[in-house]
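K.L.:
In this note's numbering, the protein residues as written are 9 to 120. Just dropping this structure here.
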Amino acid sequence: MDMQPELCKVDDALGILVGKWKPIILLILLQEGTKRFSDLKRRVPGITQKMLTKQLRELEEEDIITRNVYAQVPPKVEYSISEYGRSLEPILVAMHEWGTAHTLHKTKKGQL
Numbered sequence: 009m010d011m012q013p014e015l016c017k018v019d020d021a022l023g024i025l026v027g028k029w030k031p032i033i034l035l036i037l038l039q040e041g042t043k044r045f046s047d048l049k050r051r052v053p054g055i056t057q058k059m060l061t062k063q064l065r066e067l068e069e070e071d072i073i074t075r076n077v078y079a080q081v082p083p084k085v086e087y088s089i090s091e092y093g094r095s096l097e098p099i100l101v102a103m104h105e106w107g108t109a110h111t112l113h114k115t116k117k118g119q120l
C-alpha cells in the first residue's frame, strides 16, 4: 500500500460517511434497493423527518444516492444507491465486520 500520510484522504471519506444514520441508510438501500422517503423513515427507527432529509441531501450531494421525483399527486420521491455509491459496499461491509470484531474484543478484554 503506497499511501503518504501527509496526503491521507481517510478524513475526506469519513466526512461523507460519518453520522449516526448514514451507514444505516446506505446499507438499507444497498440490500433492499430503491425506497420511498416514508419507507426509509419506518426502517430507521428513531430518526426524525428533519434528520432523514438532511442525511439524504448530504448523500445526494456527494453522488452516493440518487433522488427521483415523480410528478404526481401526492408527490412521490424515491431514493436509490447510485452506481458510484455501490463502490462503498465493500467498505461498509468491512467497517461492519471490524465493528463487530471490536465489540467482541472489548467484551473479552473487559472479562479478563
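Where is the CB? At the ideal position from N, CA and C, for every residue including glycine. Values in this document were obtained by computation on a predicted structure and should not be read as measured data.
1) Spatial neighbours of Gln57 within its chain, please: CB distance less than 7 Å, with the 5 preceding and 5 following residues excluded, ordered by chain position.
2) Short check: CB of Tyr87 to CB of Lys43, under 8 Å?
3) Check Val18 in the structure and name its three-state DSSP category.
4) Hey, Leu34 and Leu100: beta-carbon distance below 8 Å or not?
5) If contacts are defined as beta-carbon pairs under 8 Å, then Ile72 and Ile24 qualify, I think. What distance do you get, rounded to the angstrom?
P.N.:
Taking the geometry as given:
1) Lys49
2) yes
3) helix
4) yes
5) 7 Å
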